[in-house]
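Asker: Below are the structure tokens for one structure; questions will follow.
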Amino acid sequence: MAKNDTTLYLYELAWILPSVALPVGMLAALLVTAFGAHIHLPGQAATLDPAHIDTTSPFDQPGLVEVGVGRYEARIIAGIWFFNPPEIRVPEGSEVTFVGTSRDVIHGLFLPDADVNVMLIPGQVTRITTRFPKAGEYTFICHEYCGLAHHTMAGKVIVEPLE
Amino acid sequence: MAPVVDTDLGAERRLTGAFFLVAFVALFVGVVTGLFQGLSHAGVDLYSWLTPLVKSYYHGLSLHGVMNVLVWTTFFICGFVPFMAARAYQRPLASRALGWATFGLMVVGLLIAGIPLLQNNATVMFTFYPPMKAHWAFYVGLTLVVVGTWLVTLNLVLTHRAWRRQHPKARTPLPAMMALVTFIMWTIASLGLAAEMLVLLIPWSLGWVQGVNPLLARTLFWFTGHPIVYFWLLPVYLSWYTLVPRQAGGRLFSDPMARASFLLFLLLSTPVGFHHQYTDPGIEQGWKLVHTFFTFAVFFPSLLTFFNVVASLEIGARARGGKGLIAWFGKLPWGDPSLAAQVLAMLTFTFGGIGGLINASHSMNLLVHNTTYIVGHFHLTVGTAVTLSFMGITYWLVPVLVGRGLWSRRLALTQAWLWTVGMALFSYALHSLGLQGMPRRTWIAMATYTQPEWGELTPLIGIGGAIMFVSAMLYFLNLLLTWLASQEPAPIPVEFADAVSGPEAAPVFLDRLRPWLVLSAIFIFVAYAPTLIHMILETSANVSGFRVW
Ligand code: HEM
Ligand SMILES: [Cu+2]
Ligand SMILES: [Cu+2]
């Protein structure tokens, strides 16, 4: 009986150890890749009153602003059911920080080909930076349900080739 | 475990049956709307057939989400879990009157919420993020349903107390302990949703206050929104741990490990909600990382469950002559639809679990958040691991409830396999399309930005979805005929499994809930308090409501 108990106990241990080791290992791998690849998530940027969005900087002047050599800020306001501006043009190799918010319900900003995937929440400013190393057209779409014409809400980043 | 004198639980059976009836109606609406969505994605748009009942793709999708994951799951669980507890304690529920009052309250709540939902006045999805504003009755009704679930908790606690008075020294029976932990975990977890409803959404939708803080509401929603998946899963685990081993012809491998895993779920289920908000502004990255940490921590009890259940299945299969490292799997009693459905659910869940880790990884999440990848993922988890297990449970339980044998075992087996195959196709397509950037919650058939390469996989969504729909219809047919027409004799209820390593070996602290509750409160406080306080103090984020559908 006693021997039997020990075997059982060892059996249980044999299952418990990998159950701990696996998540720990994966968490470690995750942390290394997250920090190693400098992956950033949106954090606390700023808040604003969506009722006064058109007079609140920087959204009083939506659009593209050059903030340094090859570095741009794209200020985008989402509202049912379009982005303002719907299209921005940057040169190949640019680094673009999207600064976005919503004037009404929650929207999304999703550029599958440039690793941008963030929420635009009324009252909150979302900041996220990405690069466009290759010329081409990049569609950005609203990927949070925002009403009847949600599936038509999209825009474009046109990355122009360097001469 | 001594057999239960089931005649004593006649009232419990009727109550369970009543909850199941509502659950089935919800699932029916859920799979019909699901079929239309799947076909629509495949380019076969039949929504015109549904007018004037369903006004738009999004109206249908709101019905689909609410009926499937809020109503079908909740009503099934409130019927199933207390019944299992009563059987395990071998006594009726502390208050049958309370049981019926609970059912009444939940049905009234469902009707109050269901009317605006059906009338296209609450086309806000099952997540109802403000400032999208539904009719107030939608919020009030759902809140009543949640209050109903708290009454189930109360009844379970009272039943436990009454049992404990008569058995001061005995170990809590494992199924009863699991029932109790499930509902206590849920009651803690649902506080976020309750606060969102009572403090923010209900006063706002009634026009008592002008604005709402969308980020705060969303955060409170996900406070409940992740642990709710454990509210769906723990009843499934209750079946996998305490019934399936017996159905497989063996015993549960380890009772203490099973208890430990449930207590860890109690401890770790809630402080993880930010993993649904990795892409949200207004929450510091550091706190998101804390929630990532807890999310991986909950993976520990999940793995414990996986190993323990697989080991139990193996014991059963080997007792039936199974051999080899993997080949024993074939020796499970695959002819029993209740077991087959649940083992298929487990297999599917293995894939779902791996996918879930990707979602939980805060860097990978950026690729898949709000894409159809997520839709593929949760149809494997709640749509199959949970739903197909519940179906498997009903294959033995409904015959017990109605006192007649299952109408057709063969039909039931076909149904379970069809669901699995349909789901495999459906969810494979959705996973891949999500990685190709296809957004979820979107009327893809009419989208202005569809990519040509999506067309290669979208037909599979329709085909897989149609197979699942047929499977669901066979399921309902079988249950209906069992109830009304079956000539088979009433079955003996499945008994609880014995354990190889029994409860005597479990340390006593695995029976005491209080220390775990205290620890759980501390974890939740640490993970949420700083962020919530910051959001509450933020007064500028006061937004009025919009009706955008
Ligand atoms: C015949 C079976 C089913 C089919 C064909 C089906 C199909 C679909 C499709 C195509 C979507 C995606 C819609 C979109 O994102 O635009 C969806 C969403 C969803 N399904 Fe299903 N489904 C089925 C059964 C189920 C079941 C059984 C459950 C859960 C118990 C479920 C839960 C959900 C949920 C929660 C959503 C997300 C709703 C939202 O985004 O608000 N489905 N379903
Ligand atoms: Cu949208
Ligand atoms: Cu989650």
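One line per chain: the protein sequences are U and G, in this order.
Residue numbers for the first sequence, in this note's numbering: 1 to 163.
Residue numbers for the second sequence, in this note's numbering: 1001 to 1549.
Positions of the beta carbon are idealized from the N, C-alpha and C atoms, including for glycine.
As the structure is a prediction and not an experimental result, all values here were calculated from the model.
1. Which residues does DSSP pair with U:ARG132 in a beta bridge?
2. For U:PHE110, decide whether its Cβ has a neighbour in chain G, counting only Cβ atoms nearer than 8 Å.
3. How many Å lie between G:LEU1269 and G:SER1261 at the Cα?
4. For chain U, check one thing: does any of its Cβ atoms lie closer than 8 Å to the Cβ of G:THR1219?
5. I'd like the span of the beta strand (DSSP E) that includes G:PHE1126, first residue to last.
6. Ends of the alpha helix (DSSP H) at G:TYR1278?
7. Got a sec: is the Cβ-Cβ distance from G:TRP1222 to anything in chain U below 8 Å?
8. Quick one: which residues of the stretch 138 to 151 of chain U get their C-beta closer than 7 Å to a C-beta of chain G? List them in chain order.
9. Taking just the CA atoms, how far does G:PRO1092 sit from G:LYS1323?
10. Going by DSSP in three states, G:GLN1342 sits in which element: helix, strand or coil?
11. Please state the DSSP three-state secondary structure of G:ASN1542.
12. Strictly by DSSP, which residues pair up with U:TYR72?
13. Going by DSSP in three states, U:GLU162 sits in which element: helix, strand or coil?
14. State the beta-bridge partners of U:GLN124 as determined by DSSP.
15. Straight-line CA distance for U:SER102 to G:THR1531?
16. Can you list, in chain order, the residues of the stretch 1107 to 1134 of chain G whose Cβ is nearer than 7 Å to any Cβ on chain U?
17. Buried or exposed for G:THR1442, going by 16 or more other Cβ atoms inside 10 Å?
18. Mind checking if G:GLY1437 is an interface residue toward chain U, Cβ cutoff 8 Å exclusive?
19. Does the beta carbon of G:SER1072 fall short of 7 Å from some heavy atom of ligand 1?
20. Could you name each continuous beta strand (DSSP E) segment of 3 residues or more that falls completely within the stretch 1179 to 1257 of chain G, going from the start of the chain to the end?
21. Find out if the Cβ-Cβ distance for the pair G:SER1389, G:VAL1152 is shorter than 8 Å.
22. Only counting the same chain, and skipping five residues up and downstream in sequence, which positions put a Cβ closer than 6 Å to that of G:LEU1206?
23. For the alpha helix (DSSP H) containing G:HIS1160, name the first residue and the last one.
24. Going by the DSSP bridge assignment, what does U:HIS107 pair with across the sheet?
25. Going by DSSP in three states, U:PHE59 sits in which element: helix, strand or coil?
26. Regarding U:MET153 and ligand 2, is the C-beta to nearest heavy atom distance less than 7 Å?
27. Quick one: is U:PRO86 buried, meaning 16 or more other Cβ sit within 10 Å of its Cβ, or exposed?
28. What is the DSSP secondary structure of U:ILE141, reduced to helix, strand or coil?
29. For G:MET1001 and chain U, any beta-carbon pair shorter than 8 Å?
Answerer: With the structure as the only source:
1. The question names Arg, yet the displayed sequence has Phe at residue 132 of chain U. Answer by DSSP bridge pairing, in chain order: U:SER94.
2. yes
3. Before going further, note that residue 1269 of chain G is Ser rather than Leu in the sequence given. Rounded to the nearest angstrom, the two C-alpha atoms are 11 Å apart.
4. no
5. Element bounds for G:PHE1126: n/a, residue is neither H nor E.
6. Run containing G:TYR1278: none; DSSP gives neither H nor E here.
7. no
8. THR139, ILE141, HIS143, GLU144, TYR145, CYS146, GLY147, LEU148, HIS150 and HIS151
9. 42 Å
10. helix
11. coil
12. U:GLU66 and U:VAL96
13. The sequence given here has Leu at residue 162 of chain U, not Glu. In this structure, U:LEU162 counts as coil in the three-state DSSP scheme.
14. U:THR47
15. 21 Å
16. MET1125, TYR1129, PRO1131 and MET1132
17. buried
18. yes
19. A quick correction: the sequence has Trp, not Ser, at residue 1072 of chain G. Yes, since a heavy atom of ligand 1 falls inside the 7 Å radius drawn around the Cβ of G:TRP1072.
20. 1252 to 1254
21. no
22. TRP1136
23. 1136 to 1166
24. U:LEU120
25. coil
26. yes
27. exposed
28. strand
29. Low confidence applies to G:MET1001: its pLDDT is 43, below 50, so where it sits in the model is not reliable, and the reading given next is rough at best. Chain U contact via Cβ: absent.
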